[in-house]
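J.: Read in order, the letters of the sequence shown are residues 1 to 454 in my numbering.
Glycine included, each C-beta is placed from N, C-alpha and C at the ideal position.
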Amino acid sequence: MTATLVKETSPAPSTGAGKARGRRTRRRGRIIALLFVFPALLLLGALVVYPVLFSVGRSFFDASGTRFVGGENYAEMFRDPATLKAIRNTTIWVVVAPALLTGLGLILAVLVEKIRWATAFKLLLFMPMAVSFLAAGIIFRLAYDEDPDKGVLNAAAVSVHDAFTGTSTYPTARARDGQGLTKGADGSYRTSASASAGEAVTLGLVGVLPADLPGDARPAYAAAERKAGPGELRGVVYLDFTPGGGGEQGKVDRRESGLPEMKVEAVRAGKTVASATTASDGSFRFEGLDDRSYTVKLPASNFAAPYEGISWLGPTLVTPAIIGAYLWIWTGFAMVLIGAGLSALPRDALEAARMDGANEWQIFRRITVPLLAPVLTVVFVTLVINVMKVFDLVYIIAPGPVQEDATVLATQMWLVSFGGGNNQGLGSALGVLLLLLVIPAMVFNVRRFRGSQR
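#1: Count the other CB atoms, across all protein chains shown, that sit within 10 Å of the CB of TYR50; report buried if there are 16 or more and exposed otherwise.
#2: Between the alpha carbons of VAL131 and TRP330, how many angstroms are there, rounded?
#3: Between which residues of its own chain and GLY29 is the CB-CB distance below 6 Å, once the five residues before and five after are set aside?
#4: First and last residue of the beta strand (DSSP E) that includes GLU265?
#5: Helix, strand or coil for PRO219, going by three-state DSSP, please let me know.
#6: With respect to the beta strand (DSSP E) encompassing LEU239, which residues constitute its N-terminal and C-terminal limits?
#7: Just tell me which of SER311, ALA228, ARG174 and GLU261 has its CA closest to the CA of ALA195.
#8: Does the beta-carbon of GLU265 have 16 or more other beta-carbons within 10 angstroms, so that it is buried, or is it exposed?
#9: Measuring alpha carbon to alpha carbon, tell me which residue in PRO39, VAL438, PRO299 and ARG268 is nearest ALA276.
#10: Find the nearest neighbour of LEU209 within the set GLY244, TYR221 and GLY18, judged by alpha-carbon distance.
#11: Excluding the 5 residues flanking LYS85 on each side, which residues of the same chain have their C-beta closer than 8 Å to its C-beta?
#12: Kindly list the residues whose CB is nearer than 7 Å to the CB of ALA157, restricted to its own chain and excluding five residues on each side of it in sequence; keep chain order.
#13: From the DSSP output, which residues share a beta bridge with VAL369?
#14: Tell me, to the nearest whole angstrom, how far the beta carbon of GLY180 is from that of THR191; I am working on the premise that it is less than 8 Å.
#15: Looking at the structure shown, is SER59 part of a helix, part of a strand, or coil, going by DSSP?
#16: Roughly how many angstroms lie between the CA atoms of LEU42 and PHE54, to the nearest whole one?
#17: Quick one: Cα of ASN359 to Cα of ARG366, how far?
#18: Any beta-carbon of chain D closer than 7 Å to the one on PHE303?
#19: So who's on the other strand from LYS271, going by DSSP bridges?
#20: Would the stretch 216–236 count as touching the stretch 285–298 if we require 3 or more Cβ pairs under 8 Å?
#21: Would you tell me roughly how many angstroms separate the C-alpha atoms of LYS389 and MET413, rounded to the nearest one?
#22: Quick one: what's got a C-beta closer than 8 Å to ILE363's C-beta in the same chain, skipping five residues either side?
#23: With distances taken from CA atoms, which of ASP145, ARG27, ALA82 and LYS251 is nearest PHE206?
#24: Could you spell out the range, first to last residue, of the beta strand (DSSP E) harbouring THR295?
#25: If you draw a straight line from the alpha carbon of LYS150 to that of ILE139, how long is it in whole angstroms?
In structure tokens:
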């Protein structure tokens, strides 16, 4: 019985035929795997590896591609002011955009968990991801238009400004030369001769189209005929222009209109002692004045140019404006990814903190953010890689005159190679620089992914 047990438990000797069969199976598996991988490798080589190697080689030749120049293109790249500006703008993008997006995504992901219509809110924020960069660029190019009648942002800015500051009624008005009014350095107008209490003055202006007059404007002739009473300085501000021709300059004619809502001041010794606003017929009066001489002044606020809003696409704000458009597109992406990580957090840790008396800010700062650190890092690095390659928004939103002020490495590479520079040697050097900047972030992301898999 013992011999039988030993015989049954002893391993069977391996044969040469079994080893050969195993090798054939493994070889067949490798061949099948290579057959499946080969199309992907072929596409990867044709669309990625070959262009990269070609660009590296092309960067060592001149614009024509016939003369070897070594590292001259790389040296020229760092001597060119436009390229240096592109590097500076790319740095701004890398520092600002991913940080803002990650922060906004984190805040929105936390807040969305606390509202009833979380799914609808996420959908609304994620919808811009479905819009192409071309369409988004056109949308924001219109939104940033400096004309308040076209650009929605400037329309809002003008509305808010005018609600608090008001607007001038007659920005194009001016006085005729030699008709008793002199223009000050600040844009105001003053009477050349002083007036005393008991007198009446007429202040004629031109430069206002009759069609631009307020609807309640009335003829100024009757107001100009009124006499001033004791201690009263009276006058009329009128449009010194007779529709259809005729009339006399410097004199109020029967068909000439008054200018209502015009601010008028009585000035003595450089100080304003009285002020008034003209009526619908352009008349005004100052009462209770001493029997002294006064200068009648039309303040510069009457003639100030209307507020036109903010130059969003000017040299100063063009890069922040484009980053704003980028935030609009990608905030939903960051929020959804961080929200997915947030939903996987252990709820017992959060509930335990609440039971220990921690408030929501302490839970967010000491528990939520540390536990979400891996997700936040992946989102941040992914966005860094993305902003380094941004091209469409910059090219579409930035107007031609400020294109250089908004340029980044991707747009500069295109402009140098195909957008008029026609120097593909220098453009290839810029492409290699962009590749070298992207590779560290890609390697970091891949390592983190592999670490999470392990």
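T.: Taking the coordinates as given:
#1: Around the Cβ of TYR50, a 10 Å sphere holds fewer than 16 other Cβ atoms; the residue is exposed.
#2: 11 Å
#3: Excluding five sequence positions before and after GLY29, none of the CB atoms of its chain fall closer than 6 Å to its own CB.
#4: 263–268
#5: strand
#6: 233–239 is the span of the beta strand (DSSP E), which, as asked, contains LEU239.
#7: ALA228
#8: Buried: at least 16 other Cβ atoms inside 10 Å.
#9: By alpha-carbon distance to ALA276, the top candidate from PRO39, VAL438, PRO299 and ARG268 is PRO299.
#10: GLY244
#11: Scanning its chain for C-beta atoms nearer than 8 Å, with the 5 sequence neighbours on each side dropped, one finds around LYS85 the residues GLU404, ASP405 and THR407, in chain order.
#12: GLY309 and ILE310
#13: DSSP lists no partner for VAL369.
#14: Indeed they touch by this definition, with Cβ atoms about 6 Å apart.
#15: In the three-state reduction of the DSSP assignment, SER59 falls in the coil class, being assigned neither a helical nor a strand state.
#16: 16 Å
#17: Straight-line Cα distance between these residues: approximately 11 Å.
#18: In the structure shown, chain D does not exist; there is a single protein chain.
#19: ARG268
#20: yes
#21: 11 Å
#22: Counting only Cβ-Cβ distances below 8 Å, and skipping sequence neighbours, we find LEU350, ALA353 and ARG354.
#23: According to the sequence provided, residue 206 is Val. The question's Phe does not apply to it. The shortest C-alpha separation from VAL206 is found at LYS251.
#24: 293–298
#25: 12 Å
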